[in-house]
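This report concerns only the one structure given below.
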Amino acid sequence: MLFASDLDRTLIYSKRMLELYPSSASVRLIESLNGKDISYMTEKAIERLKDFHSNALFVPVTTRTEEQFKRISLFQKEIEPTYSITTNGAKILYKGLEMKDWTKMIEEQLMDCASIEMVEHYILQLNAPWLKKVNRAENRFLYCIIERDLLDTTSKQEIEKHAKKWGWQLSLQGRKLYLVPRVISKWNAVEYVANILGVETVFTAGDSLLDYDLLRQGTHSIAPKHGEVCQYDSSLKISKEEGIIVAEQILDEVHVTLEKKLVDIN
1 MLFASDLDRT LIYSKRMLEL YPSSASVRLI ESLNGKDISY MTEKAIERLK DFHSNALFVP
61 VTTRTEEQFK RISLFQKEIE PTYSITTNGA KILYKGLEMK DWTKMIEEQL MDCASIEMVE
121 HYILQLNAPW LKKVNRAENR FLYCIIERDL LDTTSKQEIE KHAKKWGWQL SLQGRKLYLV
181 PRVISKWNAV EYVANILGVE TVFTAGDSLL DYDLLRQGTH SIAPKHGEVC QYDSSLKISK
241 EEGIIVAEQI LDEVHVTLEK KLVDIN
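Written out as structure tokens, the structure reads:
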């Protein structure tokens, strides 16, 4: 069995999310940058994930770049995944090293959609008051730092219309607006890893529209109640709670699924 999970707002949480959804659970800092505290997990979720990782396969699946992913100390010291998927599926790491065959496949598929330069130019020429900064993620996709209160629905829909025409997709997560080529998919990368390992049962979790295929294609899946993706498709299995405590519910369900799988095998 394979557990493929998004990280931010699914398993790990920022200080802002802790403030937005207060919890009495004991939490641990798992990521810092330049002396600033960045991300947390509950102690219980960490222990549950360690337990699962020792009995099955955990594959983190993140929109973060490889560099950003490697800032998370938990996944560099305590829980070291054999496979990690970064850059929204554009890159697969095997024991920390890039799988070149997968990268080559992605580069070939990117030839069929609009270039990152074209999409970036379109966003910049909007000269929108809500746009603060445009960043490239390993030259694969864009993430814009925005003033969310200033981004109106009409503007978002107009960007979405152009993105779709160019073979890209849009996802709004907090103060970040992501623009990603459709060929870069978390599920495609997970499926590639599952096929290598010969795994048929894949439990998936994620909160954003960029996780939608991941959730739809998994044999079992769950989305945090606070997630953007829940507004998109109410038929998804959704957590009871919101905020950092959701990671515990997700991992409890993963354990139940694993135990049932082991019973069936025996």
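Note that UniProt numbering numbers the sequence shown so that position 68 is 68, with each residue one more than the last.
Cβ coordinates follow ideal geometry from the N, Cα and C atoms, glycine included.
**OP:** Would you list the one or two residues that DSSP bridges to residue 180?
**Re:** 169
**OP:** Whole angstroms is fine: what's the gap from residue 164's alpha carbon to residue 119's?
**Re:** CA-to-CA, the gap between residue 164 and residue 119 works out to about 11 angstroms.
Original post:
In the DSSP assignment, what residue or residues form a beta bridge with residue 230?
Top reply: Answer is none; residue 230 lacks a bridge partner.
**OP:** Within the same chain, show all residues whose beta-carbon is closer than 7 angstroms to that of residue 65, passing over the 5 residues directly before and after it, in chain order.
**Re:** If we look at residue 65 and ignore the five residues flanking it on each side, its Cβ neighbours are 86, 87, 137, 138.
Original post:
Quick one: what's residue 203 bridged to in DSSP?
Top reply: 3, 220
Original post:
Taking C-alpha atoms, which residue in 193, 141, 196 lies nearest to residue 176?
Top reply: 141
Original post:
Going by DSSP, which residues form a beta bridge with residue 137?
Top reply: Per DSSP, 141.
Original post:
Would you report the Cα separation of residue 44 and residue 93, rounded to the nearest angstrom?
Top reply: 27 angstroms
**OP:** Check each candidate in 170, 199, 197 and name the one with the smallest Cα separation from residue 185.
**Re:** 170
Subject >> Beta carbon of residue 147 nearer than 9 angstroms to that of residue 161 >> reply: no
Subject >> Residue environment, residue 96, which counts as buried when at least 16 other CB atoms sit within 10 Å >> reply: Exposed, since its Cβ has fewer than 16 Cβ neighbours within 10 Å.
Subject >> Pair within 9 angstroms by beta-carbon distance, residue 214 and residue 6 >> reply: yes
Original post:
Measuring CA to CA, which of 174, 218, 207, 158 is closest to residue 194?
Top reply: When 174, 218, 207, 158 are compared, the shortest CA-CA separation from residue 194 is found for 218.
Subject >> Classification of residue 125 by the beta-carbon crowding that lies within 10 angstroms, buried from 16 upward >> reply: exposed
Original post:
Would residue 61 be called buried (16 or more neighbouring beta carbons within 10 Å of its own) or exposed?
Top reply: Buried: at least 16 other Cβ atoms inside 10 Å.
**OP:** Name the two residues that bound the continuous beta strand (DSSP E) containing residue 59.
**Re:** Counted as a single uninterrupted DSSP element, the beta strand (DSSP E) harbouring residue 59 occupies residues 57 to 60.
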